[in-house]
Amino acid sequence: MPSKSPLPLLSNLYQHQPNPQNLRKPLLVLTTVISLSSSIALGTVANSSQAVAQEIEGCFMRNSSGKTLNLSQSVCGFLPEDLNPATSTAAKSGVFQAKIKRREANIPVIEVTFNGKQKFEMMVDSGASGTVITPAMAKALGVVAQGSVQAKTPNGEATFPIGRLTSIEAGGLAVKNVVVAISPSLDIGLLGQDFFGNKDVTIKQDVIEFRSRS
-7 MPSKSPLPLL SNLYQHQPNP QNLRKPLLVL TTVISLSSSI ALGTVANSSQ
43 AVAQEIEGCF MRNSSGKTLN LSQSVCGFLP EDLNPATSTA AKSGVFQAKI
93 KRREANIPVI EVTFNGKQKF EMMVDSGASG TVITPAMAKA LGVVAQGSVQ
143 AKTPNGEATF PIGRLTSIEA GGLAVKNVVV AISPSLDIGL LGQDFFGNKD
193 VTIKQDVIEF RSRS
């Protein structure tokens, strides 16, 4: 069943512009494996008989059976974009590109990563000031309603619950601590200007380009 078009739905939702200073700078992290079972390894490789070259990006642990456990996000607080060389290159150039998977009602749809791990398809609409997610997304992401917001819809004003996400990332561009609305009338989420409002946006044939302003 075709998704409901969100174009006129939440065109004036709320203002929540991202702060560029909140964007995590790419980190170049080397990890070490210390010959102690169940030791968390993080730091620069040193000239020591107890350390070997990096095998895995980020922060990890080896248990007594030799199994490697990735702790980059849960313990060390790294997001995938911190450890992704392609993302680092995009951050340095100031140009971020997200592949267009398809179009819904002529609106481009891209894949977006939430809270550093869960991916959902989202429509990109420059007419929406705020990002909106579906109830199913809110449940999957564990978003708890922390208030409500008034928004204009084709049928007049409506009230929507709002919650908070740790991060939103697409094409290497990431913003953190984002307030989002939850709309039961949408079948697919809507990515608004609180994500890309401080970027120049160009919609091409197969990608959306987010370019940092000089």
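Mapping to the numbering used here: the sequence shown position 51 is 43, numbers consecutive. Think of the CB as a built atom: it goes at the ideal place given N, C-alpha and C, for glycine as much as any other residue.
- DSSP, read as helix, strand or coil, puts P176 in coil.
- With a beta-carbon spacing of about 14 angstroms, L133 and N169 fall beyond the 8 angstroms limit used to define contacts.
- Residue environment for T123: buried (at least 16 other C-beta atoms within 10 angstroms of its C-beta).
- Taking a contact as a CB-CB distance under 8 angstroms, the pair L183 and M114 counts as one, their CB atoms being some 4 angstroms apart.
- For Q89, the closest C-alpha among the options F188, G163 and G155 is that of G163.
- Taking all protein chains in view, the Cβ of G148 is surrounded by fewer than 16 other Cβ atoms within 10 Å, so the residue is classified as exposed.
- The region 95 to 103 and the region 134 to 145 do not touch, with fewer than three beta-carbon pairs separated by less than 8 angstroms.
- Between V87 and R203, the gap from beta carbon to beta carbon is short of 8 angstroms.
- Relative to S140, the option among S121, D198, P127 and I154 whose CA is nearest is I154.
- Between S206 and S56, the alpha-carbon positions lie close to 51 angstroms from each other.
- Distance from the Cα of S159 is smallest, within the candidate group S85, Q110 and K91, for Q110.
- DSSP links S140 through a beta bridge to P153.
- In this structure A120 is buried. Its beta-carbon is surrounded by 16 or more other beta-carbon atoms within 10 angstroms.
- Here M129 really is in contact with G181; their C-beta atoms are around 6 angstroms apart, less than 8 angstroms.
- Following the DSSP letters along the chain, one finds K196 in no beta strand (DSSP E), marked with neither H nor E.
- Bridge partners of Q89 according to DSSP: E201.
- A check of alpha carbon separations from S85 across Q197, K191, I195 and D198 identifies K191 as the nearest.
- Across the structure, T126 and R156 are spaced so that their CA atoms are roughly 13 angstroms apart.
- Around the CB of D186, 16 or more other CB atoms lie within 10 Å, so the residue is classed as buried.
- Here K109 carries a coil assignment [DSSP, helix/strand/coil].
- According to the DSSP assignment, D186 belongs to the alpha helix (DSSP H) that extends over Q185 to F188.
- The three-state secondary structure of K191, taken from DSSP, is strand.
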